[in-house]
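Take a look at the structure below.
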Amino acid sequence: MASLPLFYHNQPLSANAMLQLDEDTAKHIVQVLRMQVGEALRVTNGNGDVADAVITDAAKKRCAVTLTNVTHHEPAKHKLHLAVAFTKNTSRNEWLLEKATELGVCSIIPLMAARSEKERVRAERWTGILISAMMQSQQYYLPVLAAPTKFADVLNQYKDVPQKLVGHCIDEVPRLQLTKAMLAAKETIVLIGPEGDFTAEEVKLCADNGYVGVTMASQRLRTETAAMNVCAYFNTINNEGN
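Position in the sequence shown (from 1) plus 19 gives the number in my numbering.
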């Protein structure tokens, strides 16, 4: 049996409550999917709650649902925080946001490194991409999209994360293969540098703060490719056997 379509509503969910969905969601349900009163769907608030619901009112720009029951799903035991220096290529950045969400990343931090491009974070649009990817991949937790954060502040804010890795291309500085450095069952933060790579000073600062340098391939990877490699490998080693 096909699963019910899933929609996002950024408010608390409670059984027997009636919700008026936002206009964009209502238009998609009524005009695109052509769903009608009495049909069933699901709603998540992106905080682990998912509700079964029935449409009770449907118009071109309006849709109300009544929640029949609410289930809470516990978050993943092991979280991945991805701090990445975005490029000036908007489409590549948005592709990364979508795919990282599909792979279950916990938070995404736009990293302001010494060689970062001055890419403007489009918070509203980017959040919409995260929401769409969460629903498409049938997940119930929306990744946290942080504000652009300075390099030193990231090191400080995530200092207590047990597994800390930094990807860089400086051959003179010791690095481990990602597959050897990244261990399963640990909350993890990974720093991915800009297209010009981290500076030697930034890499040293990482090492001083307990980060392990990693390499991912014999090829030189683009920023978003390296970030995706990290997300995919973390997802794989923490979901083996599930």
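For glycine and all other residues, C-beta sits at the position ideal for the given N, C-alpha and C.
Helix, strand or coil for residue i? Go by DSSP, reduced to three states.
i      : result
CYS225 : helix
ASN120 : Reading the sequence as shown, one finds Thr at residue 120 and not Asn. In the structure shown, THR120 sits in a helix (DSSP, three-state: H, G or I).
PHE26  : strand
ASP71  : strand
GLN182 : strand
VAL249 : helix
ALA152 : helix
MET20  : With a pLDDT of 39 at MET20, under the threshold of 50, the predicted position of this residue should be treated as unreliable, though the coordinate-derived value follows. Three-state result, MET20: coil.
HIS92  : coil
ARG141 : coil
GLN176 : helix
GLY65  : coil
LEU195 : strand
Using alpha carbons as the reference points, say which of the options lies closest to residue i.
i      : options                           : result
ARG139 : GLN55, GLU93 and PRO129           : PRO129
THR146 : LEU115, PHE170, LYS169 and GLN176 : LEU115
GLY229 : ARG111, ALA246, LEU210 and ILE256 : LEU210
ALA119 : PRO162, PRO24 and PRO193          : PRO162
HIS187 : LEU195, ALA72 and GLN176          : LEU195
LEU240 : ASP227, ASN258, ALA45 and GLY215  : GLY215
ARG111 : PHE217, MET247, ASN88 and LEU25   : MET247
VAL84  : GLN39, GLU259 and SER22           : GLN39
ARG144 : ALA171, GLU113 and ALA245         : GLU113
LEU60  : LEU23, HIS47 and ILE48            : LEU23
GLN50  : ASN175, LYS80 and GLU259          : LYS80
ASP172 : ALA102, MET37, ALA245 and ASP41   : ALA102
LEU25  : GLN155, LYS169 and LYS178         : GLN155
ALA251 : ALA203, THR168 and HIS47          : ALA203
Since residue i and residue j are thought to touch, with beta carbons under 8 Å apart, how far apart are those beta carbons, to the nearest angstrom?
i      : j      : result
GLY67  : ASN29  : 13 Å between Cβ atoms; not a contact.
THR106 : THR234 : Actually they do not touch by this definition, with Cβ atoms about 20 Å apart.
LEU164 : LEU149 : 6 Å
MET201 : ILE127 : No, MET201 and ILE127 are not in contact; Cβ-Cβ is about 18 Å, not under 8 Å.
GLY123 : ALA166 : Rounded, the Cβ-Cβ distance is 22 Å, inconsistent with contact.
Sorted by chain position, which residues of the same chain lie with C-beta nearer than 6 Å to residue i's C-beta, five sequence neighbours on each side aside?
i      : result
VAL56  : ILE74 and ALA77
TYR159 : THR63, GLY67, VAL69 and HIS92
PRO213 : ALA104, ALA132, ARG134 and SER135
VAL249 : VAL209
ALA72  : LEU60, VAL62, VAL84 and LEU86
Residues in its own chain within less than 8 Å of residue i by CB, not counting five upstream and five downstream?
i      : result
GLU220 : ALA133
PHE217 : ALA132, ALA133, ARG134, VAL185, HIS187, ILE189, LEU210 and CYS225
VAL180 : HIS100, GLU206, THR207 and ILE208
PRO193 : GLY232
ALA236 : ASN248
Which residue or residues does DSSP assign as beta-bridge partners of residue i?
i      : result
SER126 : HIS100 and VAL163
LEU210 : ALA102 and VAL185
MET54  : Partner(s): none; MET54 has no beta bridge.
LYS169 : MET131
VAL84  : LEU38 and ILE74
VAL49  : For VAL49, which the question treats as bridged, DSSP gives no partner whatsoever.
Can you list, in chain order, the residues of its chain whose CB lies under 7 Å from that of residue i, leaving out five sequence neighbours each side?
i      : result
ASP117 : Here residue 117 is Glu; the residue named in the question, Asp, does not match the sequence. If we look at GLU117 and ignore the five residues flanking it on each side, its Cβ neighbours are ILE148 and ALA152.
ALA45  : LYS80, ARG81 and CYS82
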